[in-house]
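Engineer: Just so you know, we're using our numbering here: the sequence shown kicks off at 801 and counts up by one.
Cβ coordinates follow ideal geometry from the N, Cα and C atoms, glycine included.
None of these values were measured; they are calculated from a predicted model.
I'd like to ask you about the structure that follows.
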Amino acid sequence: MRKYQSLLNSLEKYDSFLLTTHVNPDGDAVGSLLGLKYILQSYADEIDLVVEDSVPEYLSFLSGTEDIYLSDELANTERKTDYDLVFVVDCGDLERIGKVADLIPEGNKIINIDHHDDNQEYGSYNYVDSTVSSAGELVYDLAVELGANFKKDFGMAIAAAIITDTGNFKFSNTTPKAHRIIADMLELGIDTKRIIKEVYQRESYGGLKLKGKVLSDLKLAGDRNIAWASVSQQDLDLFEVDWEDTEGLVNSIRGVKGVEVGVLFKEVAEEKIRVSFRSNEYFAVNEFAHQFEGGGHPRAAGCTVMAPLAEAEERVISKLESELGVKNQ
Ligand SMILES: [Mn+2]
């Protein structure tokens, strides 16, 4: 049974597509978006790619990123707004597309392609599978079902999606199929070393110093099974770095021996704290994040707390301590 049958049956009827993904796009978001563009190109007269926030610098080596619009830019062009189909990738909730929502007329057909297990099924068509490694893997499946002719650019986009979402095959969402897809793409001649270099070997001097400071303040909580740290605006200013330089920090925190949950608090504005959660074995951080109107995956999730940093830390860590205590009993 082909999973995209319903879409395949009607795809020929449509010819203008809007492709979008979540705010603060990551490797899976950008890779899926570009991969989707390559396979839909032959069906559409018009394809626009749009995201609320700009593509992070570490992903700009992927060809095609230069053609991704910011939602504010697209809103100011004469482009059409009534796209036949809107494809949303890597978003559990439609709110995750941010201001892109203002570009989509009420009732527009939406294709939801996602791998978050708390997906809200907001699409006219929902292709949601939380057992896959990444949204990129779902885009790959669509390409296979469409009989698409794979090119290197497509391969690089899908490989970037899979490699980044699995933490270079380290995380628990790494599947045999994720490896097989990369193997296929390697046979196509893609350069995975380039992806690793651009994504993981790009530490700036200030960024590494920032991580040093943040980690020197690392704290343990609960039954020493919670590790957490915070990054303030002041820290960023001190080392003249930005939020991109905190990438990977929460995974280091989760890596402490004996720790189940790693938490990183980021003071993105005075009373606006982004909280990232990572867990190792059993604690579903997406369910936990729901209590703070966040979400994500069982082993990687996040939320935003509108409070001063110290208050956000106290609220989240004390709640986490009580829940991890309960689950341990
Ligand atoms: Mn993803």
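Taking contact to mean 3 or more Cβ pairs, one atom from each stretch, closer than 8 Å, check whether the region 1096-1104 and the region 1070-1077 are in contact.
Structural biologist: Touching, yes, given that three or more Cβ pairs across the two stretches are closer than 8 Å.
Engineer: Say the cut is 7 Å; is the CB of serine 934 nearer than that to a heavy atom of ligand 1?
Structural biologist: yes
Engineer: Along the chain, where does the beta strand (DSSP E) that runs through alanine 1021 open and close?
Structural biologist: 1019-1021
Engineer: Less than 7 Å between C-beta atoms, sequence neighbours within five positions excluded: which residues of the same chain meet that for serine 806?
Structural biologist: Tyr925
Engineer: Would valine 1061 and threonine 1046 be called neighbours here (beta carbons separated by less than 8 Å)?
Structural biologist: no
Engineer: Does the Cβ of aspartate 965 lie closer than 7 Å to at least one heavy atom of ligand 1?
Structural biologist: Relative to ligand 1, the nearest heavy atom lies less than 7 Å away from the CB of aspartate 965.
Engineer: Tell me whether tyrosine 828 counts as near ligand 1, meaning its Cβ is closer than 7 Å to at least one heavy atom of that ligand.
Structural biologist: What sits at residue 828 in the sequence shown is aspartate, not tyrosine. Aspartate 828 has its CB nearer than 7 Å to a heavy atom of ligand 1.
Engineer: Taking the straight line between their C-alpha atoms, what separation do you get for serine 933 and valine 1063?
Structural biologist: 22 Å
Engineer: Is the beta carbon of valine 889 less than 8 Å from the beta carbon of alanine 960?
Structural biologist: no
Engineer: If you draw a straight line from the alpha carbon of valine 1116 to that of alanine 1100, how long is it in whole angstroms?
Structural biologist: 16 Å
Engineer: Report the option in Lys1057, Ser816, Phe1065 and Asn912 whose CA atom is closest to the CA atom of aspartate 893.
Structural biologist: With respect to the C-alpha of aspartate 893, the residue from Lys1057, Ser816, Phe1065 and Asn912 having the closest C-alpha is Asn912.
Engineer: Which residue comes first and which comes last in the alpha helix (DSSP H) that contains serine 1016?
Structural biologist: Annotation: the continuous alpha helix (DSSP H) that includes serine 1016 extends over 1005-1016.
Engineer: For aspartate 1045, which of helix, strand or coil comes out of DSSP?
Structural biologist: helix
Engineer: How would you write the range of the beta strand (DSSP E) that tyrosine 927 sits in, first residue to last?
Structural biologist: In the DSSP assignment, tyrosine 927 falls within the beta strand (DSSP E) that extends over 925-928.
Engineer: Less than 8 Å between the CB atoms is what I'm expecting for aspartate 848 and proline 825, so what's the real figure, rounded?
Structural biologist: The pair is not a contact, with the Cβ atoms about 15 Å apart (cut-off 8 Å).
Engineer: So leucine 1049 packs on valine 1014, CB below 8 Å; how close in whole Å?
Structural biologist: With 8 Å as the limit, leucine 1049 and valine 1014 qualify as a contact, their Cβ atoms being about 6 Å apart.
Engineer: Measuring CB to CB, does leucine 840 end up less than 8 Å from methionine 956?
Structural biologist: Cβ distance not < 8 Å, so leucine 840 and methionine 956 don't count as in contact.
Engineer: Taking 7 Å as the cut-off, is the C-beta of aspartate 890 nearer than that to any heavy atom in ligand 1?
Structural biologist: If you check the C-beta of aspartate 890 against ligand 1, you find a heavy atom less than 7 Å away.
Engineer: In angstroms, rounded to a whole number, what distance separates the CA positions of leucine 1008 and lysine 1057?
Structural biologist: 22 Å
Engineer: Rounded to a whole number of angstroms, what is the C-alpha to C-alpha distance between aspartate 1023 and proline 856?
Structural biologist: 37 Å
Engineer: Sorted by chain position, which residues of the same chain lie with C-beta nearer than 7 Å to glutamate 998's C-beta, five sequence neighbours on each side aside?
Structural biologist: Tyr858 and Phe861
Engineer: Output yes or no for whether 8 Å exceeds the beta carbon distance between alanine 1084 and proline 1098.
Structural biologist: yes
Engineer: Using the Cα positions of serine 832 and alanine 1069, report the straight-line distance between them to the nearest angstrom.
Structural biologist: Distance between the alpha carbons of serine 832 and alanine 1069: 29 Å.
Engineer: Where does the unbroken alpha helix (DSSP H) through glycine 936 begin, and where does it stop?
Structural biologist: 935-945
Engineer: Is any heavy atom in ligand 1 found nearer than 7 Å to the beta carbon of histidine 915?
Structural biologist: Under cutoff, so the answer is yes.
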